[in-house]
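**Q** Have a look at this one.
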Amino acid sequence: MIKIVLNGCSGKMGKMITECADKFKNLEIVAGIDKFQTNAPYPILESVQDLNIEYDVLLDFSRSDALHSLLEITEKTNKPLVICSTGFTQEDLALIDEKSNTLKLFRSGNMSFGINLINSLLKKVTPLLYGNYDIEIIEKHHNQKVDAPSGTAIMLADSIKNSIEDTTKYIYGREGNSKREENEIGIHAVRGGGIIGDHDVIFAGTGEVIELTHKAISREVFAVGALKACEFMASVTNPGLYDMNDVIGIE
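Reading the sequence shown from the start, the letters are residues 1 to 251 in UniProt numbering.
Okay, structure coming up:
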């Protein structure tokens with residue numbers, strides 16, 4: 001049985017992960033970490049520093065500002081850390097890369113199979129379309145999401161950027177009176193209501209428009225992906241930075 005500690009257990013995703021964990025016969029959430037106490041089938045600790053329970057994988061679905069404390073406990077326990085939070089700075093991402101030289105770390109901007117399939121497709125189609133099509137990304141989320149643009153939008157943009165040789169630049173929330181430049185990747189965020197997560201990647205040509213679209217209709221897809229990542233990381237023996245491609249083997 002793989003024993004999981006869930007950081008952010010009282011949030012929307014934490015509750016969904018707790019619910020979905022029952023569908024996995026080889027997983028068990030043995031403790032949660034959250035400053036808010038809720039009715040959960042496991043003990044809830046107020047902080048990572050209070051963690052004194054034996055576990056196999058630490059799963060984080062909270063906020064980016066928890067990163068440093070999570071890395072500290074991971075260094076002490078040498079257990080895998082699955083990072084599902086978003087909103088990290090470039091310094092945060094560099095720190096994750098650095099720590100992955102000695103720790104078993106997992107990070108993904110999105111935990112769903114569909115988004116990661118689109119992410120893989122972008123790496124293949126962008127070199128064929130770039131130069132003849134303008135690229136724009138639009139993401140939509142609920143009005144409680146704190147980071148914008150979403151980690152998923154950045155992940156998709158990075159895949160596009162890294163698949164071509166030209167130097168591209170991100171334009172966030174386009175405004176002003178200047179014309180669009182060819183090497184721009186537009187990234188736009190919408191916040192409203194209870195939208196779980198919509199992402200559209202637009203390749204706009206002069207005679208046609210190609211769109212790759214993903215709409216999450218339930219948080220369950222993210223919860224299942226996170227638990228599958230825990231399954232995978234429990235079997236990892238070497239330090240490194242892993243992602244959903246390693247879990248589902250798309251590429």
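We treat Cβ as the ideally placed atom computed from N, Cα and C, and that holds for glycine.
Computed from a predicted structure; not experimentally measured.
By a C-beta neighbour count over all protein chains shown, 10 Å radius and 16 as the cutoff for buried, is Y242 buried or exposed?
**A** As a first step, residue 242 is located in the sequence shown; it is residue number 242 there, counting from the start. When all chains shown are included, Y242 counts as buried.
**Q** Tell me which residues share the same chain as N162 and place their Cβ nearer than 8 Å to its Cβ, disregarding the 5 neighbours each side in the sequence.
**A** Locating residue 162 in the sequence shown gives position 162, counting from the first residue. So the list reads K123, once near-sequence residues are dropped.
**Q** Compare the Cα-Cα distances from residue 257 to each of P41, P127, I53, I187 and report the closest residue.
**A** The first residue shown for the chain is 1 and the last is 251, placing residue 257 beyond what the model contains.
**Q** Exposed or buried, what is S178 when buried is set at 16 or more other beta-carbons lying within 10 Å of its beta-carbon?
**A** Taking the first residue of the sequence shown as 1, we reach residue 178 at position 178. Exposed, by the Cβ-count rule.
**Q** Using alpha carbons as the reference points, say which of K12, G8, I185, F61 lies closest to R107.
**A** Translated into positions along the sequence shown, residue 107 becomes position 107. Ranking K12, G8, I185, F61 by Cα distance to R107 puts F61 first.
**Q** Going by beta carbon distance, what residues of the same chain come within less than 6 Å of A229, once the five residues before and after it are set aside?
**A** The count along the sequence shown starts at 1 and reaches residue 229 at position 229. The residues are V82, F106, V247.
**Q** For the region 187 to 206 and the region 128 to 139, state whether three or more C-beta atom pairs, one from each stretch, are separated by less than 8 Å.
**A** Flag = yes, the region 187 to 206 and the region 128 to 139 touch.
**Q** Taking just the CA atoms, how far does E208 sit from N119?
**A** Here the question's residue 119 lines up with position 119 in the sequence shown. Here the question's residue 208 lines up with position 208 in the sequence shown. Looking at the two C-alpha atoms, the distance is approximately 21 Å.
**Q** Would you report the Cα separation of L103 and L67, rounded to the nearest angstrom?
**A** Locating residue 103 in the sequence shown gives position 103, where the first residue counts as 1. Locating residue 67 in the sequence shown gives position 67, where the first residue counts as 1. Straight-line Cα distance between these residues: approximately 14 Å.
**Q** Give the secondary structure of D60 by DSSP, where H, G and I count as helix, E and B as strand, and everything else as coil.
**A** Translated into the one-based positions of the sequence shown, residue 60 becomes position 60. DSSP places D60 in strand when its eight states are reduced to three.
**Q** Judging by CA-CA distance, which residue of C9, M16, V5, G11 is the nearest neighbour of S218?
**A** Taking the first residue of the sequence shown as position 1, residue 218 is located at position 218. Out of C9, M16, V5, G11, M16 has the C-alpha closest to the C-alpha of S218.
**Q** Less than 8 Å between the beta carbons of S64 and F36, yes or no?
**A** Taking the first residue of the sequence shown as position 1, residue 64 is located at position 64. Taking the first residue of the sequence shown as position 1, residue 36 is located at position 36. Contact: no.
**Q** State the DSSP-derived secondary structure class of N7, mapped to helix, strand or coil.
**A** For the purposes of this step, residue 7 is taken as residue 7 along the sequence shown, with counting starting at 1. It is a strand residue.
**Q** Go through its chain and collect everything with a Cβ distance to F232's Cβ below 8 Å, but skip five positions before and after it.
**A** Position 232 of the sequence shown, counted from the first residue, corresponds to residue 232. So the list reads F106, Y242, D246, V247, once near-sequence residues are dropped.
**Q** Confirm, please, whether the CB-CB distance from I164 to E184 is below 8 Å.
**A** As a position in the sequence shown, residue 184 is number 184, starting the count at 1. As a position in the sequence shown, residue 164 is number 164, starting the count at 1. Result no, Cβ atoms of E184 and I164 do not sit closer than 8 Å.
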